[in-house]
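Encoded as structure tokens, the structure appears first; notes follow it.
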Amino acid sequence: MKTLILTIFFLITPVFANEFISSEEAHRLVEKEKALLLDVRTLVEYKLKHIKGAKRVGISDVPNKLSEIEEMAGGKEKPIVVYCLSGGRSANAKEILEKAGFKRVYNLGGIGNWKD
Numbered sequence: 007m008k009t010l011i012l013t014i015f016f017l018i019t020p021v022f023a024n025e026f027i028s029s030e031e032a033h034r035l036v037e038k039e040k041a042l043l044l045d046v047r048t049l050v051e052y053k054l055k056h057i058k059g060a061k062r063v064g065i066s067d068v069p070n071k072l073s074e075i076e077e078m079a080g081g082k083e084k085p086i087v088v089y090c091l092s093g094g095r096s097a098n099a100k101e102i103l104e105k106a107g108f109k110r111v112y113n114l115g116g117i118g119n120w121k122d
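In this note's numbering, the protein residues as written are 7 to 122.
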């Protein structure tokens with residue numbers, strides 16, 4: 007029940023003043039700076055399609071997995087590129103991570119924004 011409530015909260019929370027980065031900038035961060043590519047969608051969505059090399063932590067799990075995310079990224083100073091289906095969940099994840107002290111969190115928006 008708690009997970010359901012958190013999921014609903016994150017899905018309906020309005021997103022204000024959240025900027026998206028371009029696909030080109032996301033590629034540069036991943037390739038040159040070894041940024042963590044973080045998919046915050048559901049496991050079903052991830053299994054259907056995800057960006058190669060992305061790690062998945064569902065949006066409802068992000069607040070409880072901050073230590074794991076920090077370890078995956080290599081520290082709170084390292085860049086993280088977050089994405090979801092359309093940009094809402096990734097915006098919420100960005101906010102959570104920044105409030106937890108992560109310094110370089112970037113929102114790609116939806117998975118469709120990633121250009122190979």
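Glycine residues also receive a C-beta, built at the ideal position from the N, C-alpha and C atoms.
Residues that residue i bridges to, as DSSP identifies them
| i | result |
| --- | --- |
| residue 113 | 26 and 88 |
| residue 45 | 62 and 89 |
Residue range of the alpha helix (DSSP H) that includes residue i
| i | result |
| --- | --- |
| residue 99 | 94–105 |
| residue 77 | 72–79 |
Presumed contact (8 Å Cβ cut-off) between residue i and residue j, rounded CB distance
| i | j | result |
| --- | --- | --- |
| residue 54 | residue 86 | Not quite, the Cβ-Cβ distance comes to about 23 Å (not below 8 Å), so this is no contact. |
| residue 57 | residue 120 | 5 Å |
C-beta contact flag for residue i and residue j at 7 Å
| i | j | result |
| --- | --- | --- |
| residue 88 | residue 99 | yes |
| residue 95 | residue 50 | no |
| residue 32 | residue 114 | yes |
| residue 82 | residue 109 | yes |
| residue 92 | residue 64 | no |
| residue 102 | residue 68 | yes |
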